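Novice: Mind having a look at this structure? Questions to follow.
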Amino acid sequence: FCYFLADNLLLSFLKAKPILQEQNAHLYTKVHALAEDAGISTPQLYYIDDSAMNVLSLGKNAAQGKIVITKGLMEKLTSAEIEAVLAHELIHIQRNDTRTQEYAALIVAIFPLLAEKLRRTNVLLLPLAFLFSLLSPISAFFMQIVLSPRREFEADASGMLLTRYPQALAA
């Protein structure tokens, strides 16, 4: 279930909308060139109408990569900084970090959903619902430990090599 639907579930949960190439040809050109340099397929691009500066990579493998970009990131960063962030995310796609991240997000998200379902089902299940409510932040903490910061540093380093402009990612 997770393998086939994780990325689409997360896109739906985030209310991400596809970015069409005609809407933002400059961004697609940039992503295509970076993906070509990284030796992977050009990922699909998605947009979230949110003022927070964030970007997320998804996908089961390098051939099915997706990148989600927020409105805040697009508005607040320079073109070079956006390119550096995209390069970082492309490296996650290239190294299949995205599959592990998707599974982790779903595992963390499932506990509150189960808790709510149990709470509504039967009053006798309230202790179990409470337990599932507690498991969500605990599982998030352990997922953070499991998903090594080393992978982030490696993606930063490789992304900088990909753009050949380390100052942009540093900024």
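Positions -14 to 156 (the working numbering) are the ones given, in order, by the sequence shown.
Glycine is no exception: its CB is placed at the ideal position from the N, C-alpha and C atoms.
None of these values were measured; they are calculated from a predicted model.
Under 8 Å between the Cβ atoms of A47 and S64?
Specialist: Contact flag unset, no.
Novice: I need the straight-line Cα distance from F117 to V108, nearest angstrom please.
Specialist: Whole-angstrom Cα-Cα distance: 15 Å.
Novice: What does the Cβ neighbour count give for E138, buried or exposed, with the cut at 16 atoms within 10 Å?
Specialist: Contrary to the premise, residue 138 reads as Phe rather than Glu in this sequence. The residue in question, F138, is exposed, as its Cβ has fewer than 16 Cβ neighbours within 10 Å.
Novice: Can you list, in chain order, the residues of its chain with a C-beta nearer than 8 Å to that of L91? Leave out the 5 residues immediately preceding and following it.
Specialist: Correct list, in chain order: C(-13), A(-9), L(-6) and L(-5).
Novice: Can you grab the Cα-Cα spacing for the pair R80 / L30, in whole Å?
Specialist: Approximately 18 Å, taken between the alpha carbons.
Novice: Report yes or no: do the stretch 11 to 20 and the stretch 62 to 77 share at least 3 C-beta pairs separated by less than 8 Å?
Specialist: Verdict: yes, contact present.
Novice: Is K51 near D35, with beta carbons less than 8 Å apart?
Specialist: No.
Novice: What does the alpha-carbon distance come out to for the pair L113 and M128?
Specialist: For L113 and M128, the distance between alpha carbons rounds to 22 Å.
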